[in-house]
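Read top to bottom, the protein sequences are chains A and B.
Heads up: the first sequence is residues 1 to 289, going by the numbering used here.
Heads up: the second sequence is residues 1001 to 1289, going by the numbering used here.
All C-beta atoms in this analysis are idealised placements derived from N, C-alpha and C, irrespective of residue type, glycine included.
Quick notes on the structure that follows.
There are 2 protein chains.
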Amino acid sequence: MEQFLDEIKPIMEEQLVQSINDLNFPASLKDSMIYSLEAGGKRIRPMLLLATLRGFNQPLELGYDIASAIEMIHTYSLIHDDLPAMDDDDLRRGKPTNHKVFGEATAILAGDALLTHSFERIANATLSPVQIVRLIKELAIASGPEGMIGGQVADMEGENKKLSLEELTYIHQHKTGDLLTYAVVAGGIIAGASEEEIFHLKEFAQELGLVFQIKDDLLDIEGDIELIGKPVGSDEENNKSTYPSLLGIENTREKLEEHTELALAHLNKVDMNSQLLKAITDYVKNRNH
Amino acid sequence: MEQFLDEIKPIMEEQLVQSINDLNFPASLKDSMIYSLEAGGKRIRPMLLLATLRGFNQPLELGYDIASAIEMIHTYSLIHDDLPAMDDDDLRRGKPTNHKVFGEATAILAGDALLTHSFERIANATLSPVQIVRLIKELAIASGPEGMIGGQVADMEGENKKLSLEELTYIHQHKTGDLLTYAVVAGGIIAGASEEEIFHLKEFAQELGLVFQIKDDLLDIEGDIELIGKPVGSDEENNKSTYPSLLGIENTREKLEEHTELALAHLNKVDMNSQLLKAITDYVKNRNH
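Quick look at the structure:
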């Protein structure tokens, strides 16, 4: 996995900004968009898409446009989430947030522009029109009101409330899960996977998203402050509903195992070399930060 | 034209909210999106698209999805423009603005959701995949950083500055012109017009957009306060660059004639029944509000 990341990261950093650099529009807006695209981040979504493509033995180039589009959507959502009217954050990954550097108006518009341009990028991909229409439709669903934005609204409305397990799962599935899932599904669509394979890829990725979130909650309790970069126990102090607060630690650990098993079971039903996706699953489950 | 408007308006009002009502997502977000979609407006963009389709003797149903998508984009841009960080408006068409009713966070997300859903709506249209990809690509360009959003940024940066005619034209062409132009071009794409016809439709619509803006500026000076709904001379008082402030009234009136002629000349090169589009041009040029 490390080797794969080293292979794709420099390519993705370049791909991400290329189609925007090529356009002709006001410099302040362009600077603002590129500032947030280049602000780092683990590029997990592009990695998932490209790892899926590699598993189907397809050239990675086929996925660069869609991987870039997904990361643009992820980036716009962070810019808007950080705004004073939302989470009001001054820092993101150790750097001043977009609106702190460019002002609120430009930050709102840079988010809008990244969202809009992501669809242009997909429409320009060198794939068949049928594939492009499907990729656009699924991305709009995953990042739209029934997906990421719906999850964000549910999260806002659930603050300082005791949530049910169902409500907590709704938030995670949509706020972060749907776009992660889309990355894997998009890899399958680009590779020409069958509908049955796409079904299992989707189930795999949904389970992986839950594993990611459950592990996050556990790290908040059991993690090393140096490694996780925030005080241990901060969720509890912030009165945040988490899997451990709803289920207890032991049951949460069991859930982690359970969803990992489910993820791998779905993956095994797909006719591909799933070595990389399995390594990613293993990493997500066992990481210490 | 009046008769055509009476025919399509009730259909458009219903079409606009239908695909959103059918989705399952948090009620506060849905209410906020529908509030602004139903807040009225002249539905000029849908009308232009449907009038173009009618001119090609095509069934109007073919255009409902794209016309709805355009109006969603227009509506999201108004929600975001009204935000405190942007124009900070409390009222829009006599009703409280979206963020006044639903709060800033929900208003930002409702705008994002309308923008995202507009692409889903197009991807679901019953047109060929080749048409859908083209319609999505052109919409993303018209409403993205090189289009509407770029125009909005240029407008913000030009406030309280004396602009050149070139700068003023850039703002109008992109901030409002590109989406109006897209509406006409989309009608041509859906109707299967030739590339040459689409070229002339595009030129026609760009000229029509200028006629619209020049007339707006003239009405601000010569109009009847009762009819235009704002004090006569308010642009001058707000230190706004306008065509008359740059060219003088006489030259501006000449420009109005000139661009109307150009619009009609392009329309005459398209093999269609252009009666409706001509009536719309005539109305835009001669309206008194």
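- The Cβ atoms of residue 55 of chain A and residue 273 of chain A lie closer than 9 Å to each other.
- Using a CB distance cut-off of 9 Å, residue 106 of chain A counts as an interface residue toward chain B.
- Residue 1069 of chain B and residue 1127 of chain B do not touch by the CB rule: their CB atoms are close to 12 Å apart, not below 8 Å.
- Between residue 20 of chain A and residue 1116 of chain B, the CB-CB gap reaches or exceeds 9 Å.
- Counting only the Cα atoms, residue 123 of chain A lies some 15 Å from residue 1124 of chain B.
- Between residue 204 of chain A and chain B, the shortest Cβ-Cβ separation is not below 9 Å.
- Taking the Cα of residue 99 of chain A as reference, the smallest distance to any Cα among A/78, A/118 and A/119 is reached at A/78.
- In this structure, the beta-carbon distance from residue 1130 of chain B to residue 129 of chain A falls below 9 Å.
- In the three-state reduction of the DSSP assignment, residue 1092 of chain B falls in the strand class, which pools E and B.
- In the DSSP assignment, residue 1199 of chain B falls within the unbroken alpha helix (DSSP H) covering 1195-1222.
- The alpha helix (DSSP H) runs lying completely inside the segment 4-28 of chain A and spanning 4 residues or more number zero.
- Non-local C-beta neighbours of residue 1187 of chain B in its own chain, meaning closer than 6 Å and more than five positions away in sequence, comprise 1049, 1052 and 1053, ordered along the chain.
- Contacts between residue 156 of chain A and chain B, judged by CB atoms closer than 7 Å, involve 1105 in chain order.
- Taken through DSSP and simplified to helix, strand or coil, residue 77 of chain A comes out as helix.
- When the beta-carbon positions are compared, residue 145 of chain A and residue 1113 of chain B come within less than 9 Å of each other.
- In terms of Cα proximity to residue 120 of chain A, the closest of B/1041, B/1271, B/1141 and B/1209 is B/1141.
- The segment 231-244 of chain A and the segment 154-170 of chain A touch, with no fewer than 3 CB-CB distances between them shorter than 8 Å.
- Taking 9 Å as the threshold, the shortest C-beta distance from residue 20 of chain A to chain B falls below it.
- Taking a beta-carbon distance threshold of 9 Å, residue 45 of chain A does not count as an interface residue toward chain B.
- Given a length threshold of 4 residues, each whole run of the alpha helix (DSSP H) inside the segment 242-284 of chain A is given here in chain order: 243-247 and 249-267.
- Taking 9 Å as the threshold, the shortest C-beta distance from residue 33 of chain A to chain B falls below it.
- Annotated three-state conformation of residue 1128 of chain B is coil, per DSSP.
- Proximity to residue 102 of chain A across A/31, A/24, A/86 and A/135 peaks at A/31, based on C-alpha coordinates.
- Residue state for residue 1232 of chain B is assigned as coil, using DSSP reduced to three classes.
- In this structure, the straight-line span from the alpha carbon of residue 1199 of chain B to that of residue 5 of chain A is close to 45 Å.
- A check of alpha carbon separations from residue 91 of chain A across A/189, A/206 and A/36 identifies A/36 as the nearest.
- Legend: CB atoms of the segment 1050-1084 of chain B lying less than 9 Å from CB atoms of chain A belong to residues 1073, 1076, 1077, 1080, 1083 and 1084.
- Put simply, of B/1216, B/1066, B/1165 and B/1179 the residue whose alpha carbon is nearest the alpha carbon of residue 1132 of chain B is B/1066.
- Chain-order list of chain A residues neighbouring residue 1137 of chain B: 120, 123 and 124, by C-beta distance under 7 Å.
- What residue 86 of chain A touches in chain B, judged by beta-carbon distance under 9 Å, is 1104, 1105, 1108 and 1109, going in chain order.
- Using a CB distance cut-off of 9 Å, residue 117 of chain A counts as an interface residue toward chain B.
- When the alpha-carbon of residue 1174 of chain B is set against those of B/1087, B/1282 and B/1213, the nearest one is in B/1213.
- When the Cα atoms are used, residue 1263 of chain B and residue 1278 of chain B turn out to be separated by approximately 9 Å.
- Secondary structure at residue 137 of chain A: helix, using DSSP grouped into helix, strand and coil.
- Ranked by how close their Cα comes to the Cα of residue 40 of chain A, the residues A/208, A/18 and A/71 have A/71 in first place.
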